[in-house]
């Protein structure tokens, strides 16, 4: 009954370091999403994967890459972290094409110094 | 640019009152709309979704949709302090390469005073 699991929950990076945020869902959902949430900016879509084997850019993809490893897992990679990437990152999944909404993970709070 | 607009608040209501949260959207092609609640430091959780004009009720919550006016609202009856949170409105993109993507508003912060 885990739903969407994100790791890590907190991370501090130095500028230029790289890291991968992990996301896994156990609801057999086809679609998965990565959002970032910043004060005053709301939730913004970074990348999404409508189905296993496909990924597409969202509203703010620059500086990020993603991998849909299998149906369960969708990872987000920062190759060279920048202070502008300080944010809270949420992974989400949906059964079909979002018609019943998304289920969100608990989030990763990332600080880049 | 498809947008969902919400008043950021804060909206303050006394305990037991009706809280009314509003949202407008720019894309006439959007067919489904969602309300999420987000407590401080937590992830968004789905409260309700609506895709037909009119009202949809679930317990103390009522979602209202008016497609002609491109307007969505959420009413919370008998508001409780535990309802204090930020409420996010979202519209489902329903065409082309963005099909299935949710566009979120920036949220309205609700404070229910005991």
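Residue numbers (this note's numbering), protein chains in the order written: chain A, -11 to 101; chain B, 180 to 293.
Glycine included, C-beta positions come from ideal geometry on N, C-alpha and C.
DSSP state of residue i mapped onto helix, strand, coil
| i | result |
| --- | --- |
| residue 71/A | helix |
| residue 261/B | helix |
| residue 84/A | coil |
| residue 36/A | strand |
| residue 97/A | strand |
| residue 15/A | coil |
| residue 57/A | coil |
| residue 140/A | What is shown of chain A runs -11 to 101, which leaves residue 140/A out entirely. |
| residue 184/B | strand |
| residue 7/A | strand |
| residue 205/B | coil |
Closer than 7 Å at the beta carbon, the chain A residues around residue i
| i | result |
| --- | --- |
| residue 208/B | The premise fails here: residue 208/B is roughly 14 Å from chain A at the closest Cβ pair, so nothing lies under 7 Å. |
Proximity test, Cβ basis, 8 Å: residue i and chain A
| i | result |
| --- | --- |
| residue 189/B | no |
| residue 281/B | yes |
| residue 213/B | yes |
| residue 289/B | no |
Of the listed residues the options, nearest to residue i (C-alpha basis)
| i | options | result |
| --- | --- | --- |
| residue 2/A | 94/A, 91/A, 73/A and 26/A | 73/A |
| residue 241/B | 194/B, 265/B, 291/B and 257/B | 257/B |
| residue 69/A | 62/A, 56/A, 59/A and 52/A | 52/A |
| residue 186/B | 270/B, 271/B and 266/B | 266/B |
| residue 148/B | 203/B, 184/B, 281/B and 286/B | The structure shown does not extend to residue 148/B, since chain B is modelled only from 180 through 293, so no value can be given for it. |
| residue 270/B | 246/B, 282/B and 235/B | 282/B |
| residue 248/B | 191/B, 195/B, 239/B and 201/B | 201/B |
| residue 22/A | 14/A, -10/A, 6/A and 81/A | 81/A |
| residue -6/A | 17/A, 95/A and 100/A | 95/A |
Close beta carbons around residue i, own chain, < 8 Å, minus the five adjacent residues each side
| i | result |
| --- | --- |
| residue 231/B | 244 |
| residue 42/A | 56 |
| residue 47/A | 32, 33 and 34 |
| residue 37/A | 19, 20, 21, 43, 44, 54, 56 and 62 |
| residue 88/A | 82 |
Own chain residues within Cβ distance below 7 Å of residue i, not counting five before or after
| i | result |
| --- | --- |
| residue 193/B | 292 |
| residue 196/B | 258 |
Beta carbon proximity, residue i to chain B, threshold 8 Å
| i | result |
| --- | --- |
| residue 126/A | Residue 126/A falls outside the range modelled here, since chain A spans only -11 to 101, and no answer is possible. |
| residue 13/A | no |
| residue 77/A | no |
| residue 17/A | no |
| residue 69/A | no |
| residue 33/A | yes |
| residue 63/A | no |
Per-residue contacts from residue i into chain E (C-beta, under 8 Å)
| i | result |
| --- | --- |
| residue 20/A | Absent from the structure is chain E; the protein chains it does hold are A and B. |
Residue i CB to nearest heavy atom of the ligand ZN below 7 Å
| i | result |
| --- | --- |
| residue 218/B | Here there are no bound small molecules, and the ligand ZN is not part of this structure. |
Under 8 Å from the C-beta of residue i: neighbouring residues of chain A
| i | result |
| --- | --- |
| residue 284/B | 30 |
| residue 222/B | 78, 92, 93, 94 and 95 |
Own chain residues within Cβ distance below 6 Å of residue i, not counting five before or after
| i | result |
| --- | --- |
| residue 206/B | 181 |
| residue 59/A | 40 |
| residue 213/B | 228 and 269 |
Chain A residues whose Cβ lies nearer than 9 Å to that of residue i
| i | result |
| --- | --- |
| residue 228/B | 87, 88 and 89 |
| residue 225/B | 88, 89, 90, 91 and 92 |
| residue 271/B | 85, 86, 87 and 89 |
Under 7 Å from the C-beta of residue i: neighbouring residues of chain B
| i | result |
| --- | --- |
| residue 38/A | 279 |
Chain B contact residues for residue i, given Cβ-Cβ distances below 8 Å
| i | result |
| --- | --- |
| residue 81/A | What residue 81/A touches in chain B: nothing, since even the nearest Cβ is about 11 Å away. |
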